[in-house]
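Those letters in the sequence shown? Residues -19 to -1, 1 to 312, per mature numbering (1 follows the signal peptide of the UniProt record, and there is no 0), in order.
The structure appears below as structure tokens.
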Amino acid sequence: MQLTLLSLSFATLLGSVSANSYPINGDGVNCRSGPGTGYAVQRSYNKGNMVTLTCQTNGESVNGDSLWDKTTDGCYVADWYVQTNTGNMVVGSCNGGGGGATYPINDNGVNCRSGPGTGYAVQRSYNKGNMVTLTCQTNGESINGDSLWDKTTDGCYVADWYVQTNTGNMVVGACDGGGGGGGGGAVGSPIKRSDVIARARFWTNKHIPYSQTATSPDPQGLRYRTDCSGFVCMALHASAPGLNTVSLPSISHRINWADLQPGDLVGTLGPGTGGDAGHVTLFLEWVDGSHNSYRSLECNGSDGCVQMVERVGWTDGPFTAQPYRYNNIRD
């Protein structure tokens, strides 16, 4: 009878400890508001304290272990200090609420941009050890061989090369429509004017050389011809390797000079303008209130892909430049 009671008592004692409870293996182990040492300390544990885990997530690497454990105290402790007797997950993955996809930046001055490439505008910068929470990932410009870009909760894109996810694979879902608004969506899909300009600057910032036969990648790695019309098609994210000055009117329509907006086209287009007989530019802005000249983004045989100033009504042989608007542009 005594043995039976003892067995029942021991079973009750075991039942009071969750199957997901583990001992802390050090003293003064901090439990933080997120999975990294940059997060605020919520409480501390000492060696032998039992903690019950609710979920696990990746975060800042501690002694080579990037796993962090969320406890029933609502805070995160580095898995290195929790005696689970394995380097693998022992409970489910955390879903949001404290960074189920939160990782540290691994360098200083890391730019977060409006789209997945260095041609996009800088929105903010991070320094080494800053923790970023990822909302989605997309392909973009290759950085040191890594073409993955991570969108953070700050609403901008950082090259995955600089985010310590400890894998070259995706750790969250793909961004809908890709990066940089419509700029990273499907070829030929509607695109915002800001994305057209950002994509154009992706080449002009690099001063890509002009060629009617060579190609160069756009921010997503799709290759376009590096002449004037290939450049414009790249900026518009139209079909690759690009239409020519003869066929560009098939995806655009004539407008008035007074209606020009950033991302519109100005060129000598249509029949007879193929090869060296035609030219096309992207309208950036008016030089001044007279509207006699405009700043362009373009690729030309003399300068490569650059920003220029062009006069209204410039000519190319017998042809006079006219303004056009891409059919899939978004205002």
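Heads up, the beta-carbon is just placed ideally off N, CA and C, and yes, glycines get one too.
So, is residue i buried or exposed, given that buried needs 16 or more other C-beta atoms within 10 angstroms?
| i | result |
| --- | --- |
| Trp215 | A quick correction: the sequence has Met, not Trp, at residue 215. Counting Cβ neighbours within 10 Å, Met215 comes out buried, since at least 16 surround it. |
| Val139 | buried |
| Gly202 | exposed |
| Asn125 | exposed |
| Ser2 | exposed |
| Pro190 | exposed |
| His188 | exposed |
| Arg105 | exposed |
| Arg24 | exposed |
| Val290 | exposed |
| Asn120 | buried |
| Gly79 | With a pLDDT of 39 at Gly79, under the threshold of 50, the modelled position of this residue cannot be trusted; read the value that follows with caution. It counts as buried. |
| Ser233 | buried |
| Asn39 | buried |
With DSSP collapsed to three states, give me the class of residue i.
| i | result |
| --- | --- |
| Val293 | coil |
| Gly77 | Here Gly77 scores only 45 on pLDDT, less than 50, and its place in the model is too uncertain to base an answer on. |
| Cys209 | helix |
| Ile21 | The question names Ile, but residue 21 in the sequence shown is Ala. Reduced to three states, the DSSP call for Ala21 is coil. |
| Cys156 | coil |
| Ile189 | coil |
| residue 314 | This structure leaves residue 314 out entirely; the chain is present only between -19 and 312. |
| Cys137 | coil |
| Asp88 | coil |
| Leu278 | strand |
| Ser175 | helix |
| residue 313 | Because the chain spans -19 through 312 in this model, residue 313 falls outside it and cannot be assessed. |
| Ala59 | strand |
| Met31 | strand |
| Met112 | strand |
| Pro230 | helix |
| Gly45 | coil |
| residue 330 | Not covered by the structure: residue 330. The range shown for the chain is -19 to 312. |
| Gly40 | strand |
| Gly248 | strand |
Who are the near neighbours of residue i in its chain, counting only those whose CB is closer than 7 Å to its CB and skipping five residues on each side?
| i | result |
| --- | --- |
| Pro243 | Arg174, Ile178, Phe264, Leu265, Glu266 |
| Arg292 | Asn273, Ser274 |
| Gly7 | Lys28, Tyr62 |
| Pro198 | Arg204 |
| Thr254 | Thr226, Val227, Phe300 |
| Thr33 | Ser(-2), Asn1, Ser2, Thr52, Thr53 |
Can you list, in chain order, the residues of its chain whose CB lies under 6 Å from that of residue i, leaving out five sequence neighbours each side?
| i | result |
| --- | --- |
| Gly251 | Pro230 |
| Ala181 | Ala216, Leu263, Leu278 |
| Lys132 | Thr116, Cys117, Tyr138, Cys156 |
| Leu241 | Phe264, Pro304 |
| Val22 | Asn11, Arg13 |
| Gln64 | Tyr3, Pro4, Asn6 |
Given residue i, which residues of its chain have a CB within under 8 Å of its CB, disregarding the five upstream and five downstream residues?
| i | result |
| --- | --- |
| Gln303 | Arg235, Val247, Gly248, Thr249, Leu250 |
| Gly294 | Thr301, Ala302 |
**OP:** Specify whether the region 5 to 19 and the region 110 to 123 touch according to this definition: at least 3 beta carbon pairs, one from each stretch, less than 8 Å apart.
**Re:** yes
Report yes or no: do the region 278 to 295 and the region 203 to 214 share at least 3 C-beta pairs separated by less than 8 Å? yes
Review point. Can you find at least 3 beta carbon pairs, one from the region 147 to 156 and one from the region 56 to 63, that sit closer than 8 Å?
Key: no
Practice prompt. Mind the definition here: the region 140 to 147 touches the region 216 to 227 only if three or more C-beta pairs lie below 8 Å; say whether that holds.
Written response: no
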